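In what follows, a structure is listed as structure tokens, so that the remarks can point back to it.
Residue numbers (my numbering), protein chains in the order written: chain A, 15 to 123; chain B, 1028 to 1170.
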């Protein structure tokens, strides 16, 4: 599944637009940064409800394909700036983490 | 990667006041290592180990310095602070143990995985710490 496919499947709000249409190689869901840091693999979609700037630092270091904010969360202003500066795609959806994971599993991610 | 006669060095002053931009030095180091053409796996190990150390300095020690050197054989990360020191390293190394305060935890830190991740993702780690004086962590990642 590519990011463009995710956009079609979920119709998420685009918080920070993608620079390239990356392949989603896997998914990690979780909010604690140290956990995410060691579990988000390159090319993963990271689903979280954390919305501060540190999320973008971790997403960038782990080379996540994109960040998906669940439960209608959106980025704080300085986090949005960090997303744009580092070219990290960020989406937001009203669905819960579980609902998003179930849906993505249905797509074979 | 091209052979290097002299190690390449990077130095950073890590600001202890600003939690929101914490991790900035790690982000820069990652970019530099990419430019040097190092493998993604090595870059990942350095990124995680250094990020955790950098965050620790911001959360617990009001900042410090980060010195990174890259030579033909290994990457060395030295993180030095003048913080409170670590009273019980054995306890601090336990996964899930954290002394981070509530305001830090709400940012997503304080999982108690900092030092365990640093040990896990480096090939060698040394901690020198003295109560009331500070802590220096040295990590090596072999190429």
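For glycine and all other residues, C-beta sits at the position ideal for the given N, C-alpha and C.
Here the structure is a predicted model, which is why all the values come from computation and not from measurement.
Discussion item. Going residue by residue through the stretch 1058-1134 of chain B, where are the continuous beta strand (DSSP E) segments of at least 3 residues, counting only ones entirely within it?
Written reply: Listed in chain order, the complete beta strand (DSSP E) runs (minimum 3 residues) inside the stretch 1058-1134 of chain B are 1090-1097, 1101-1108.
Worksheet item: Does the Cβ-Cβ distance between residue 1041 (chain B) and residue 1103 (chain B) come in under 8 Å?
Response: Here residue 1041 (chain B) refers to the residue found at position 14 when the second chain is read from its first residue. Here residue 1103 (chain B) refers to the residue found at position 76 when the second chain is read from its first residue. No, these two residues do not count as a Cβ contact at 8 Å.
Worksheet item: Which of helix, strand or coil does DSSP assign to residue 58 (chain A)?
Response: Taking the first residue of the first chain as position 1, residue 58 (chain A) is located at position 44. Here DSSP, grouped into helix, strand and coil, assigns residue 58 (chain A) to strand.
Discussion item. Report the CB separation of residue 1166 (chain B) from residue 1076 (chain B) in whole angstroms; it is logged as a contact under 8 Å.
Written reply: Within the second chain, the letter at position 139 stands for residue 1166 (chain B). Within the second chain, the letter at position 49 stands for residue 1076 (chain B). With a Cβ gap of about 5 Å, residue 1166 (chain B) and residue 1076 (chain B) count as contacting.
Practice prompt. In the DSSP assignment, find the alpha helix (DSSP H) that holds residue 78 (chain A) and state where it starts and stops.
Written response: Taking the first residue of the first chain as position 1, residue 78 (chain A) is located at position 64. That residue, residue 78 (chain A), is in no alpha helix (DSSP H); it is neither H nor E in DSSP.
Worksheet item: Can you list, in chain order, the residues of its chain whose CB lies under 8 Å from that of residue 1118 (chain B), leaving out five sequence neighbours each side?
Response: Residue numbering aside, residue 1118 (chain B) sits at position 91 when the second chain is read from its first letter. Cβ within range, chain order: 1124.
Worksheet item: Just how far apart, CA to CA, sit residue 53 (chain A) and residue 109 (chain A)?
Response: In the first chain, counting from the first residue as 1, residue 53 (chain A) sits at position 39. In the first chain, counting from the first residue as 1, residue 109 (chain A) sits at position 95. About 22 Å.
Worksheet item: What are the residues of the stretch 1059-1081 of chain B that lie near chain C, defined by any Cβ-Cβ distance shorter than 7 Å?
Response: Of the protein chains in this structure, namely A and B, none is chain C.
Worksheet item: From the beta carbon of residue 98 (chain A), is the nearest beta carbon of chain B less than 8 Å away?
Response: On the first chain, residue 98 (chain A) is found 84 positions in, with the first residue counted as 1. For residue 98 (chain A), the nearest beta carbon of chain B is not closer than 8 Å to its own beta carbon.
Discussion item. Rounding to the nearest angstrom, what Cα-Cα distance links residue 1052 (chain B) and residue 1037 (chain B) in this structure?
Written reply: Along the second chain, read from residue 1 onward, the residue named residue 1052 (chain B) stands at position 25. Along the second chain, read from residue 1 onward, the residue named residue 1037 (chain B) stands at position 10. The straight-line gap from Cα to Cα measures roughly 10 Å.
Worksheet item: For residue 1048 (chain B), which residues in chain A fall below 9 Å Cβ to Cβ?
Response: For this step, residue 1048 (chain B) is matched to residue 21 along the second chain. 67, 68, 71, 92, 96, listed in chain order.
Worksheet entry | For residue 40 (chain A), three-class secondary structure by DSSP | If you number the first chain from 1, residue 40 (chain A) lands on position 26. In the three-state reduction of the DSSP assignment, residue 40 (chain A) falls in the strand class, which pools E and B.
Worksheet entry | Local conformation of residue 32 (chain A) per DSSP, three classes | If you number the first chain from 1, residue 32 (chain A) lands on position 18. Reduced to three states, the DSSP call for residue 32 (chain A) is coil.
Item to complete: Give the residues of chain A in contact with residue 1136 (chain B), contact being defined as C-beta atoms less than 9 Å apart.
Response: Counted from its first residue, the second chain places residue 1136 (chain B) at position 109. By Cβ distance, chain A contributes 46, 47, 48, 68.
Item to complete: Please determine, among B:1157, B:1078, B:1086, B:1072, the residue with the shortest C-alpha to C-alpha distance to residue 1148 (chain B).
Response: Within the second chain, residue 1148 (chain B) is the residue found at index 121, counting from 1. The shortest C-alpha to C-alpha distance from residue 1148 (chain B) to any of B:1157, B:1078, B:1086, B:1072 is the one to B:1072.
Worksheet item: Is there a Cβ from chain A that is less than 8 Å from the Cβ of residue 1083 (chain B)?
Response: For the purposes of this step, residue 1083 (chain B) is taken as residue 56 along the second chain, with counting starting at 1. No, residue 1083 (chain B) does not count as interfacial toward chain A.
Worksheet item: For the candidate residues B:1116, B:1112, B:1059, B:1099, whose alpha-carbon lies nearest to that of residue 1159 (chain B)?
Response: Reading the second chain from its first residue, position 132 is the one you call residue 1159 (chain B). Nearest C-alpha to residue 1159 (chain B): B:1112.
Discussion item. Can you look up residue 103 (chain A) in the DSSP assignment and give me helix, strand or coil?
Written reply: Here the question's residue 103 (chain A) lines up with position 89 in the first chain. Per DSSP, reduced to three states, the secondary structure at residue 103 (chain A) is coil, with no helix or strand assignment.
Practice prompt. Can you grab the Cα-Cα spacing for the pair residue 100 (chain A) / residue 70 (chain A), in whole Å?
Written response: Walking along the first chain from the start, residue 100 (chain A) turns up at place 86. Walking along the first chain from the start, residue 70 (chain A) turns up at place 56. Rounded to the nearest angstrom, the two C-alpha atoms are 8 Å apart.
Item to complete: May I ask whether a heavy atom of the ligand SAH can be found less than 7 Å away from the beta carbon of residue 1110 (chain B)?
Response: Summarising the ligand content, the structure contains no ligands, and the ligand SAH is consequently not present.
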